[in-house]
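So the structure is just underneath, and the comments pick up after that.
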Amino acid sequence: AAGVIQSPRHLIKEKRETATLKCYPIPRHDTVYWYQQGPGQDPQFLISFYEKMQSDKGSIPDRFSAQQFSDYHSELNMSSLELGDSALYFCASSLGLAVTYNEQFFGPGTRLTVL
Amino acid sequence: GIQVEQSPPDLILQEGANSTLRCNFSDSVNNLQWFHQNPWGQLINLFYIPSGTKQNGRLSATTVATERYSLLYISSSQTTDSGVYFCAAKTGANNLFFGTGTRLTVIP
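These protein sequences, in sequence, are chains A and B. Numbering (the working numbering) for the first sequence: 98 to 212. Numbering (the working numbering) for the second sequence: 371 to 478.
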């Protein structure tokens, strides 16, 4: 079965640089979520989109922005990178309108290292 | 948001042993999921279980929604079961709130 695709899988950047992470949801899934997992921590919600509109916002820094495109893929843009942004970034997808079934499926993650 | 607590934080088992992991949550939920994070960092879906009981091979899970807890049972553990097990829950909001995880080490 098709899964959530994330690219790149690994990314190394310098401080103050920018980065763009991409996410391709499972076909027919209309909702995308972004999570950040720091070393030794649990994943923390950043932001989500349903039908190309932002649906919920968590602890996402102002330096980060995201959007969902017409083909439902999503991109997380990160600017002025800091050492503390080094983390594993997950994208997840689900069927947004299904109240009785809303299981989230996670991609393999992008490991970002900021030097 | 909802508070999710997991216990125990760490667990060391001999291969072949059974274990029970617990997840308590602070509010009624419409989504409760269990994940296994392997040593490569991948989050593997184990169960979607807002209520009731499910089984998948050596793993099973039970959620008692009225008492706000869920249990994950691992039987006949294998070294490949090692990793971190996360419970995550959500109420009306879109995002999942994760517990701090149980780190399982299975030794041969």
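Even glycine gets a Cβ: it sits at the ideal position worked out from N, Cα and C. These numbers come from a predicted model, not from an experiment.
Query: Which ranges does the alpha helix (DSSP H) cover as unbroken runs of at least 4 residues, wholly within the region 406–464 of chain B, from first to last along the chain?; Result: none
Query: Exposed or buried, what is Trp404 (chain B) when buried is set at 16 or more other beta-carbons lying within 10 Å of its beta-carbon?; Result: buried
Query: In chain A, which residues lie with their C-beta within 9 Å of the C-beta of Phe395 (chain B)?; Result: Here the premise fails: no neighbours, minimum Cβ distance about 14 Å.
Query: Would you say Asp182 (chain A) lies against chain B (beta-carbon separation less than 7 Å)?; Result: no
Query: Can you list the residues of chain B that Ser190 (chain A) reaches, using a CB-CB cut of under 9 Å?; Result: Per Cβ cutoff of 9 Å: no residues; Ser190 (chain A) is ~12 Å from chain B at best.
Query: Please name the residues in the region 458–474 of chain B whose beta-carbon is closer than 7 Å to at least one beta-carbon of chain A, in chain order.; Result: Ala463, Asn464, Asn465, Leu466, Phe468, Gly469, Thr470 and Gly471
Query: Under a CB-based cut-off of 7 Å, is Phe146 (chain A) close to chain B?; Result: no
Query: Would you say Leu173 (chain A) and Trp131 (chain A) are within 7 Å of each other, going by their C-beta atoms?; Result: yes
Query: Grab the span of the beta strand (DSSP E) containing Tyr130 (chain A) for me, first residue to last.; Result: Thr128 to Gln134
Query: What separation, rounded to the nearest whole angstrom, lies between the Cα atoms of His126 (chain A) and Ser145 (chain A)?; Result: 13 Å
Query: Judging by CA-CA distance, which residue of B:Cys457, B:Leu474 and B:Ser445 is the nearest neighbour of Val399 (chain B)?; Result: B:Cys457
Query: Which residues bound the beta strand (DSSP E) around Asp380 (chain B)?; Result: Asp380 to Gln384
Query: For Leu413 (chain B), return the contacting residues in chain A, with the cut-off set at a CB-CB distance below 7 Å.; Result: Phe187 and Phe203
Query: Ile444 (chain B) and Thr433 (chain B): beta carbons closer than 7 Å?; Result: no
Query: Asp182 (chain A) by DSSP, collapsed to three states: which one?; Result: helix
Query: Apart from the five residues on each side of it in sequence, which residues of its chain come closer than 7 Å, Cβ to Cβ, to Ile414 (chain B)?; Result: Phe405, His406 and Asn408
Query: Which residues in chain A have a C-beta closer than 9 Å to the C-beta of Gln403 (chain B)? List them in chain order.; Result: Glu200 and Gln201
Query: Report yes if the CB atom of Leu209 (chain A) is closer than 7 Å to the CB atom of Leu143 (chain A), and no otherwise.; Result: no
Query: Hey, does Asp153 (chain A) have any beta-carbon neighbour from chain D nearer than 7 Å?; Result: Reference to chain D is not applicable here, since the protein chains of this structure are A and B.
Query: Starting from Glu200 (chain A) and walking both ways along the beta strand (DSSP E), at which residues does that stretch end?; Result: Counting along the chain, Glu200 (chain A) falls outside any beta strand (DSSP E), and DSSP gives it neither H nor E.
Query: On the three-state DSSP scale, how would you describe Glu111 (chain A)?; Result: coil
Query: On the DSSP letters alone, give me the boundaries of the beta strand (DSSP E) that Asp153 (chain A) sits inside.; Result: Met150 to Lys154
Query: Return no unless some Cβ of chain B is closer than 7 Å to the Cβ of Pro140 (chain A).; Result: yes
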